[in-house]
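Visitor: Chains A and B, in that order, give the protein sequences. Under numbering that gives the first Met the number 0, read the first sequence as residues 0 to 477, first letter to last. Under numbering that gives the first Met the number 0, read the second sequence as residues 0 to 445, first letter to last.
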Amino acid sequence: MDSDSRLIFEKGYNHPHNNFIPKMDIEYENIDDLIPKTLQREDLLIPDIPEIEIVRHFLNLSQKTYGVDTGIYPLGSCTMKYNPKINEVIARLPDFSKLHPLQEENLGALELIIELSKILCQVTGMDGFTFQPAAGAHGELTGLLMIKKYFETMNLKKNAIIVPESSHGTNPASAKMAGFSIIKIRSNKDGEIPIDLLKYAMEGDNVAGIMLTNPNTLGLFERNIKDITKIVHDYGGLCYYDGANLNPMLGICRPGDMGFDIIHLNLHKTFSTPHGGGGPGSGPVGVKKEFIPFLPNPCIIPNNNGFQYREYSENSIGRIKSFLGNFGVLVRAYAYLLALGAQGLRRVGEISVLNANYLQVQLQKKYHAPYNRTCQHEFVLSDKNLPNDITTEDIAKRIIDYGIYAPTIYFPLIVSGAMMIEPTETESKASLDNFVNVMLKIYEEARSNPELIKNAPHNTPIKRLDAVLAARKPILHD
Amino acid sequence: MDFIPHDKDSIKEMLKVIGVNSINDLYRDIPNDLKINKLDLPEGLSEPDLLRKLEQLAHKNKIYSSSFLGAGCYYHYIPSLVEFVISRSEFYTSYTPYQAEASQGYLQAIFEYQSAISRLTGMDVANASMYDGSTALAEAAIISTIITRKNKILLLEGIHPEYLEVIKTYCWGYHIEYELVSEKLLFSKLNEDIAAILFQSPNFFGEIEDVPSLVKKIRKIMPKCLIIQVMTDLTCLGILKPPGELDIDIFVAEGQSLGIAPSFGGPGLGIFTAKELFLRKVPGRLIGKTKEINGEKEGFILTLQAREQHIRREKAISNICTNQSLCSLAALIYLVSLGKTGLREIATQNFQKANYVKQKLGEIEGFEVLNQKPTYNEFLVRCPNINKFRTLCKKENLLPPLKLTKYFPDMKDVALICVTEMNKKSDIEAFLNAALLSIQKTKRRD
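(1) Counting only runs of 4+ residues fully inside the region 157-219 of chain B, write out the alpha helix (DSSP H) ranges in chain order.
(2) Would residue 200 of chain A count as contacting chain B if we go by Cβ distances under 8 Å?
(3) Output needed in chain order: residues of the region 49-60 of chain B with a Cβ under 9 Å from some Cβ in chain A.
(4) Check residue 58 of chain B in the structure and name its three-state DSSP category.
(5) So is residue 444 of chain B buried or exposed if we call it buried at 16+ other beta carbons inside 10 Å?
(6) Rounded to the nearest angstrom, what separates residue 289 of chain A and residue 123 of chain A at their Cα positions?
(7) Look at the Cβ atom of residue 41 of chain B, then the Cβ atom of residue 327 of chain A, and state whether they are nearer than 8 Å.
(8) Are the Cβ atoms of residue 179 of chain B and residue 189 of chain B separated by less than 8 Å?
(9) Taking any Cβ of chain B, which residues in the region 379-399 of chain A have a Cβ under 9 Å from it, in chain order?
(10) Can you pull the chain B neighbours of residue 232 of chain A, defined as C-beta to C-beta under 7 Å?
(11) Counting contacts by CB-CB distance shorter than 8 Å, is residue 27 of chain A in contact with chain B?
(12) Under 8 Å between the Cβ atoms of residue 286 of chain A and residue 127 of chain A?
(13) Going along chain A in order, which residues have a C-beta closer than 7 Å to the C-beta of residue 229 of chain B?
(14) I'd like the span of the alpha helix (DSSP H) that includes residue 137 of chain A, first residue to last.
(15) Does the Cβ of residue 276 of chain A have 16 or more other Cβ atoms within 10 Å, making it buried, or fewer, making it exposed?
(16) Run through the DSSP bridge pairs and tell me what residue 419 of chain A is partnered with.
(17) From residue 438 of chain B to residue 406 of chain B, what distance separates their C-alpha atoms?
(18) Quick one: Cα of residue 530 of chain A to Cα of residue 146 of chain B, how far?
(19) Only counting the same chain, and skipping five residues up and downstream in sequence, which positions put a Cβ closer than 7 Å to that of residue 437 of chain A?
(20) Are the region 312-322 of chain B and the region 97-115 of chain B touching by the rule of at least three beta carbon pairs closer than 8 Å?
(21) In whole angstroms, what separates the C-alpha of residue 123 of chain B from that of residue 362 of chain A?
(22) If you draw a straight line from the alpha carbon of residue 1 of chain B to that of residue 38 of chain B, how long is it in whole angstroms?
(23) Quick one: grab the DSSP three-state call for residue 0 of chain A.
(24) Determine the DSSP secondary structure at residue 107 of chain B, reduced to helix, strand or coil.
(25) Going by Cα to Cα distance, which pick from A/44, A/165, A/359, A/106 is closest to residue 434 of chain A?
(26) Shortest alpha-carbon distance to residue 297 of chain A belongs to which of A/22, A/101, A/63?
(27) Check whether the Cβ of residue 257 of chain A lies closer than 8 Å to any Cβ atom in chain B.
(28) Assuming residue 309 of chain B is part of the alpha helix (DSSP H), what are its boundary residues?
(29) Since residue 237 of chain A meets chain B, which of its residues come closer than 8 Å, beta carbon to beta carbon?
(30) Beta carbons nearer than 8 Å to chain B: which residues of the region 83-109 of chain A have them?
(31) Does any C-beta atom of chain B lie closer than 8 Å to the C-beta of residue 414 of chain A?
(32) Starting from residue 361 of chain A and walking both ways along the alpha helix (DSSP H), at which residues does that stretch end?
(33) With a threshold of 8 Å between beta-carbons, can residue 326 of chain A be considered close to chain B, or not?
(34) From what residue to what residue does the alpha helix (DSSP H) around residue 255 of chain A run?
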């Protein structure tokens, strides 16, 4: 492996070429006749680099990066499952990848969106979907704007929304972008929404409803979910479902049946499209019939005979992204759903829960599990039992030394030093056993050799980095 | 087909360790009446059957041999190494690089992306990416109101119509006032209450605005009003003066042109850049360079996270979490693959070829070029018989230009034509021939 860690701009290449540009086949005019000199740039500081050097540079960078294809990636609430390779092949079929969003002969693409809508309606118990949102948070914003519009059309001033303190950070941030103020609710000792507090909060005249994840970010199913949605509805509110944790519910139960009005899904979590190092994703928003008029323009909506393209709806929130969304991501999710079918999807849900519980019962022998319950797809440990002032971050860094990725840490905020672990269904028993062994070994190390852990990682290209320095004196480019 | 590695025995063993009899026991918290028996979906498919089915579906789309359609999504050549590198599965199967020590490679790549975008645009800081050009522009509008503590923005005509719709949606959500103004009226609308002026150049109609004089005039009237520029095809920066040299406060763009396939409009790449002054108001992720705590080695890390939703929740600058990382990696590889020589050549060819077609079309009887300002690779032409012209293009296996009535119902008979380096001389001749034929047939019918 190349030990040269210089930036690609610093390597001093000077190799001018036009390898990636067709040979010019009309006569050049003087460029100054086409565009005034004052609007032209003088210099461009992007070096000319030979192809082999570029490939080697990035191949080396890839080898300093950990992906699902490297090993277990137990990030809670991120659902880092295996990304099937066939989906990459299909998304790159030229008939998909070269399709222009504004061209007329797009029947294959529209049919794919319609078929994907149908499947997702069946999987979630909703009645229609928009695919414009490019990510989960973008879906949340879309859904919340629909709630806002719904009440606007009824001439009701409802500008506050209930968000549990255990929710994903995007929930309150999205609510704020949609113009809502936030009413926080703290979970009870079982890790669930306290019904009395919910009722109390809903009594406010201006409360539009609630945003919920179920299973919640503690990995626990809200046992009172039907009561929760009923109470919110009885007070005239709406229920929004954050689909980040849908994976364990596949084929078992559906947010539509739980009483949710508007939901978003993360195709890059539940439906196996790759996370790509943080994106691109896709955050389709599903709604019950009543809310179809509020879906973004344009949209593919259900009608009596199936589905139709809707250019415009009076009550729509408007457009939320250019064109029809991250289509390439939709192709992958559709391929995944077709590959799995009804049985395969249910098995995803079941095994994701089996895997999480298998880890939880073994890890809670040493680590503190604040909620001693059967979990769903993920569970949370706290830093309560850690010896010798070892922190959650120390544990995470030491995990990396063993060649595996660390869980989500310090989230949810309601658990001290949280470690949130989601193995997903695609990890084998052997992989889980290895994870357990590593975690238990680290616990022993924490007791016997705390300095080893406090100074971890030791086996990485770089030691623990100074985050404070990075923020105090930001260097964001070379 | 499924992607679950377990065999029956290991499932049994795992249940035993957990202390339950069946997987159903793990779902005991779910009320029985919420449980469903079976999803009403077909059986799963094997890989060959799946591939065949989707190939047939894809085949219902028509891909033309050459395109004269742009309008926010462009056909430029994508070097083979772009797809090769982003297909390295360490990259594409990784998550947001929260654990820096296990993600140095990708972190360095995004740092290099931020650097490449700074070099290309001349702007002080670039973030790690936004969803697309339209949402990058909408978020720029929002932060302009946070920075200036004013609540109204002006939108100059010529912004992509879909971007305008997105801005309207975001502004309605965030309670920001907006007004769409013509260049003539812009300066009379400028006053103390305006947070920012947003404009596109080259604009939707292909025209390159005289940015230096526009900026100068705005600064003279309202020095503190932010100036925000958006661009939909960055290849023009191979020739054009970059926004960083023109006193632009926030520059955003759609980066699809930089090595990303059209893919029916997404995923693309939202590029977000700003002056250093606004660093702490920039939405989205930023990668910074730092040092080891107990050492001298330099490394890369997610930084200034106190702006972000996972730390600040409702007090965050934006709700963005997942972005378009893999697309920013593609853009980086595209930029270094072309290099300054290639970037200058691609811009030159786009300028030359588009202006060649513009001139030739203008010489055909009945065709009228509508642009008054210089244009890059797109321009507006009034056509004597736009439907016939477009049908004839299709017959020649050319993807016809946009009919402007899609966005501007009053602008009948006007085509927005895009010509790039990918249109060979033979394509251009066929295109011009279709234009000629479109009037001949009209005449015959008379």
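We treat Cβ as the ideally placed atom computed from N, Cα and C, and that holds for glycine.
Guide: According to the data block:
(1) Listed in chain order, the complete alpha helix (DSSP H) runs (minimum 4 residues) inside the region 157-219 of chain B are 160-173, 182-188.
(2) Residue numbering aside, residue 200 of chain A sits at position 201 when the first sequence is read from its first letter. Answer no: the Cβ-Cβ gap between residue 200 of chain A and chain B never drops below 8 Å.
(3) For the region 49-60 of chain B, which is checked against every Cβ of chain A, the residues closer than 9 Å are 49, 50, 52, 53, 54, 55, 56, 57, 58, 59, 60.
(4) For the purposes of this step, residue 58 of chain B is taken as residue 59 along the second sequence, with counting starting at 1. Residue 58 of chain B: coil per DSSP, three-state reduction.
(5) To locate residue 444 of chain B, count along the second sequence from 1; it is residue 445. Annotation note: pLDDT 49 at residue 444 of chain B (below 50); position unreliable, coordinate value reported separately. So residue 444 of chain B counts as exposed.
(6) Reading the first sequence from its first residue, position 290 is the one you call residue 289 of chain A. Reading the first sequence from its first residue, position 124 is the one you call residue 123 of chain A. Take the alpha-carbon of residue 289 of chain A and the one of residue 123 of chain A: they are about 16 Å apart.
(7) On the second sequence, residue 41 of chain B is found 42 positions in, with the first residue counted as 1. On the first sequence, residue 327 of chain A is found 328 positions in, with the first residue counted as 1. The criterion of a C-beta distance shorter than 8 Å is not satisfied by residue 41 of chain B and residue 327 of chain A.
(8) Along the second sequence, read from residue 1 onward, the residue named residue 179 of chain B stands at position 180. Along the second sequence, read from residue 1 onward, the residue named residue 189 of chain B stands at position 190. Remark: C-beta atoms of residue 179 of chain B and residue 189 of chain B do not approach each other more closely than 8 Å.
(9) Cβ contacts with chain B come from 395, 396, 398, 399.
(10) Taking the first sequence and counting its residues from 1, one reaches residue 232 of chain A at position 233. Using a Cβ-Cβ cut-off of 7 Å, residue 232 of chain A is close to nothing in chain B; its nearest Cβ partner there is about 16 Å away.
(11) Translated into the one-based positions of the first sequence, residue 27 of chain A becomes position 28. With 8 Å as the cut-off, residue 27 of chain A counts as an interface residue toward chain B.
(12) Here residue 286 of chain A corresponds to residue number 287 of the first sequence, with the count starting at 1. Here residue 127 of chain A corresponds to residue number 128 of the first sequence, with the count starting at 1. Residue 286 of chain A places its beta carbon less than 8 Å from that of residue 127 of chain A.
(13) Within the second sequence, residue 229 of chain B is the residue found at index 230, counting from 1. Near residue 229 of chain B there are no residues of chain A at all, since even the closest Cβ is about 11 Å away, more than 7 Å.
(14) Within the first sequence, numbered from 1, the residue matching residue 137 of chain A stands at position 138. Unbroken alpha helix (DSSP H) run through residue 137 of chain A: 135-152.
(15) Taking the first residue of the first sequence as 1, we reach residue 276 of chain A at position 277. The Cβ neighbour count for residue 276 of chain A, taken over all protein chains shown within 10 Å, is at least 16; the residue is labelled buried.
(16) For the purposes of this step, residue 419 of chain A is identified with residue 420 of the first sequence, where counting begins at 1. A/379, A/407, per the DSSP bridge assignment.
(17) Stepping through the second sequence from its first residue, residue 438 of chain B is reached at position 439. Stepping through the second sequence from its first residue, residue 406 of chain B is reached at position 407. Each residue's alpha carbon lies about 25 Å from the other.
(18) Because chain A is modelled from 0 through 477, residue 530 of chain A falls outside the range shown and cannot be assessed.
(19) For the purposes of this step, residue 437 of chain A is identified with residue 438 of the first sequence, where counting begins at 1. Once the five neighbours on either side are set aside, the close Cβ partners of residue 437 of chain A are 398, 401, 403.
(20) The region 312-322 of chain B is not in contact with the region 97-115 of chain B.
(21) The count along the second sequence starts at 1 and reaches residue 123 of chain B at position 124. The count along the first sequence starts at 1 and reaches residue 362 of chain A at position 363. Distance between the alpha carbons of residue 123 of chain B and residue 362 of chain A: 47 Å.
(22) Taking the second sequence and counting its residues from 1, one reaches residue 1 of chain B at position 2. Taking the second sequence and counting its residues from 1, one reaches residue 38 of chain B at position 39. Straight-line Cα distance between these residues: approximately 16 Å.
(23) Locating residue 0 of chain A in the first sequence gives position 1, counting from the first residue. With a pLDDT of only 45 at residue 0 of chain A, under 50, the local geometry of the prediction cannot be trusted, and the value read off the model is given with reservation. Coil at residue 0 of chain A, not helix or strand.
(24) For the purposes of this step, residue 107 of chain B is taken as residue 108 along the second sequence, with counting starting at 1. Of the three classes helix, strand and coil, the one that applies to residue 107 of chain B here is helix, per DSSP.
(25) Position 435 of the first sequence holds residue 434 of chain A. Residue A/359 is the option with its Cα nearest to residue 434 of chain A.
(26) Position 298 of the first sequence holds residue 297 of chain A. Out of A/22, A/101, A/63, the CA that lies nearest to the CA of residue 297 of chain A is found in A/101.
(27) Taking the first sequence and counting its residues from 1, the one referred to as residue 257 of chain A is at position 258. Look at residue 257 of chain A: its C-beta is under 8 Å from a C-beta on chain B.
(28) Start at 1 with the first residue of the second sequence, and residue 309 of chain B comes out as number 310. First-last of the alpha helix (DSSP H) with residue 309 of chain B: 308-311.
(29) Numbered from 1 along the first sequence, position 238 holds the residue referred to as residue 237 of chain A. Residues of chain B passing the Cβ test: none, with the nearest at roughly 16 Å.
(30) Under the 8 Å Cβ criterion, the region 83-109 of chain A contributes 83, 85, 87, 88, 89, 90, 91, 92, 93, 94, 95, 96, 97, 98, 99, 100, 101, 102, 104, 105, 106, 107, 108.
(31) As a position in the first sequence, residue 414 of chain A is number 415, starting the count at 1. It does not; no Cβ of chain B falls within 8 Å.
(32) Residue numbering aside, residue 361 of chain A sits at position 362 when the first sequence is read from its first letter. Counting along the chain, the alpha helix (DSSP H) containing residue 361 of chain A begins and ends at 326-362.
(33) Here residue 326 of chain A corresponds to residue number 327 of the first sequence, with the count starting at 1. At least one C-beta of chain B is nearer than 8 Å to the C-beta of residue 326 of chain A.
(34) Position 256 of the first sequence holds residue 255 of chain A. Note, residue 255 of chain A: alpha helix (DSSP H), 254-257.
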